[in-house]
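Chemist: Starting off with a structure, shown below.
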Amino acid sequence: MKDFFYAIQDLFVDVLFAPLDALRALELENWWLANLISWIFVIIGIVAMVYWMKQLKIFNDNNEDDKSISSHSFL
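First residue of the sequence shown: 6, per the numbering used here; consecutive thereafter.
In structure tokens:
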């Protein structure tokens with residue numbers, strides 16, 4: 006059973022974390038390239054936020070939102 010857990014350790018350390026080790030080594034040479042994945046996620050987040058704001062504006066322009074003062078009937 007011990008060999009099974011060592012096999013899992015070897016899989017993660019030697020195979021699955023190899024790209025992250027390469028990024029760690031790349032950070033010493035070029036910070037921008039090492040953080041490329043982070044920049045990609047930031048760009049995806051900005052694009053999603055802009056899309057969301059455009060959709061909100063479309064619904065706001067069509068007056069589809071309920072803009073009554075009380076949000077619940079018991080207020």
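Glycine residues also receive a C-beta, built at the ideal position from the N, C-alpha and C atoms.
My assumption, with CB atoms under 8 Å, is that A39 sits in contact with L28. Please give the rounded CB distance.
Modeler: As a position in the sequence shown, residue 39 is number 34, starting the count at 1. As a position in the sequence shown, residue 28 is number 23, starting the count at 1. About 5 Å; that satisfies the 8 Å criterion.
Chemist: Apart from the five residues on each side of it in sequence, which residues of its chain come closer than 7 Å, Cβ to Cβ, to Y56?
Modeler: Stepping through the sequence shown from its first residue, residue 56 is reached at position 51. Correct list: empty, nothing qualifies.
Chemist: Look at the alpha carbon of Q14 and the alpha carbon of D8, and state the distance between them as a whole number of angstroms.
Modeler: The residue given as residue 14 occupies position 9 in the sequence shown. The residue given as residue 8 occupies position 3 in the sequence shown. Each residue's Cα considered, the two are about 10 Å apart.
Chemist: If I follow the unbroken alpha helix (DSSP H) through I42, where does it start and stop?
Modeler: Your numbering for residue 42 matches position 37 in the sequence shown. First-last of the alpha helix (DSSP H) with I42: L41 to D66.
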